[in-house]
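Novice: Can you keep this structure in mind? I'll have questions shortly.
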Amino acid sequence: MTTGFPAFFLDRVKRSLLALLLVGLMVFSSGGMAIAAKSSSPVSTYTPAQLEQIKRYLGEVEELRERMLKIPGYVQRKRWNDVQTYIHGPLGELRQTMLRLTRTLAPDVQPQAQEAAKDVFGHLIKIDEAARLEDSRKALQNYNGAIEDFEIYLNLLPPEIKASNG
């Protein structure tokens with residue numbers, strides 16, 4: 001009894017259709033994953049009022065960052081008391097100002113901004129410790145780390161702010 005088609009031909013057709021179905025399923029599902037990935041990271045948009053508030057806090061943060069530039073000179077001249085006084089005095093408000101600025105950012109970047117700010121503070125604490133131990137190498141190393149982490153922090157700000165300040 002022959003059916004008109006050999007059995008091996010039908011098996012080949014079934015396998016080809018199954019392979020085609022699997023390829024189509026993979027293409028469709030990977031496209032769906034890309035859409036899901038895009039929707040899980042919301043686009044950060046700011047109102048004009050939020051941008052103004054960010055600019056105001058950024059001005060304060062940048063002013064304090066400029067003050068940090070005095071630290072290497074104090075370290076090189078081994079003015080350890082001045083290093084400590086400067087960290088606790090003029091730079092003492094840096095932590096609060098950065099935290100206020102962080103709270104004005106979009107929720108999707110706040111964790112990264114908090115981490116970068118925490119790293120800046122960590123370096124300032126280590127500079128203070130280095131000044132107490134009169135360790136120039138450790139102080140300058142942590143100063144450089146603080147500046148690097150500051151840049152990471154500033155790069156998290158909205159592009160509109162960077163364009164208007166840059």
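Last residue of the sequence shown: 166 in our numbering, with the numbers rising by one and none dropped. By construction, the Cβ of each residue, glycine as well, lies at the ideal position given by its N, Cα and C atoms. All figures in this text were calculated on a predicted structure; none of them were measured in a lab.
Distance check for I125 and D82, CA to CA, integer angstroms please.
Specialist: Here residue 82 corresponds to residue number 82 of the sequence shown, with the count starting at 1. Here residue 125 corresponds to residue number 125 of the sequence shown, with the count starting at 1. If I take the Cα positions, the gap works out to 15 Å.
Novice: Go ahead and pull the three-state DSSP assignment for P158.
Specialist: Residue mapping note: residue 158 aligns to position 158 of the sequence shown, counting from 1. Correct three-state label for P158: coil.
Novice: Counting pairs of Cβ atoms below 8 Å between the region 133-141 and the region 96-114, do you hit three or more?
Specialist: When C-beta atoms of the region 133-141 are compared with those of the region 96-114, fewer than three pairs fall below 8 Å, so the two segments do not count as touching.
Novice: What residue range does the alpha helix (DSSP H) around V109 cover?
Specialist: Counting from one through the sequence shown, the residue named residue 109 turns up at place 109. Counting along the chain, V109 falls outside any alpha helix (DSSP H), and DSSP gives it neither H nor E.
Novice: Taking only three categories from DSSP, how would you classify D135?
Specialist: Start at 1 with the first residue of the sequence shown, and residue 135 comes out as number 135. Coil, per DSSP.
Novice: Answer with yes or no whether the minimum CB distance from K118 to chain B is below 8 Å.
Specialist: Included in the structure is just one protein chain, with no chain B present.
Novice: Report yes or no: do the region 113-124 and the region 139-153 share at least 3 C-beta pairs separated by less than 8 Å?
Specialist: yes
Novice: So what does DSSP say about Y86, is it helix, strand or coil?
Specialist: The residue labelled residue 86 in the question sits at position 86 within the sequence shown. Helix.
Novice: Is K126 helix, strand or coil when you go by DSSP?
Specialist: Here the question's residue 126 lines up with position 126 in the sequence shown. DSSP places K126 within a helical segment (H, G or I) once states are collapsed to three.
Novice: Please specify which runs of the alpha helix (DSSP H), each continuous and at least 4 residues long, are wholly inside the region 48-98, giving them in chain order.
Specialist: 48-68, 71-76, 80-88
Novice: Can the beta-carbon of R67 be found closer than 8 Å to that of L99?
Specialist: Residue 67 sits at position 67 when you count from the first residue of the sequence shown. Residue 99 sits at position 99 when you count from the first residue of the sequence shown. Cβ distance not < 8 Å, so R67 and L99 don't count as in contact.
Novice: Going by other Cβ atoms of all chains shown within 10 Å of its Cβ, with 16 needed for buried, is A130 buried or exposed?
Specialist: One-based indexing of the sequence shown puts residue 130 at position 130. It counts as buried.
Novice: By how many angstroms is the C-alpha of G89 removed from the C-alpha of K55?
Specialist: On the sequence shown, residue 55 is found 55 positions in, with the first residue counted as 1. On the sequence shown, residue 89 is found 89 positions in, with the first residue counted as 1. Roughly 24 Å between the two C-alpha positions.
Novice: Return yes when the Cβ of I127 is within less than 8 Å of the Cβ of A139, no when it is not.
Specialist: On the sequence shown, position 139 is the one that residue 139 refers to. On the sequence shown, position 127 is the one that residue 127 refers to. Contact: yes.
Novice: Using the C-alpha atoms, what's the distance from I161 back to Q141?
Specialist: For the purposes of this step, residue 141 is identified with residue 141 of the sequence shown, where counting begins at 1. For the purposes of this step, residue 161 is identified with residue 161 of the sequence shown, where counting begins at 1. Answer to the nearest angstrom: the Cα atoms are 30 Å apart.
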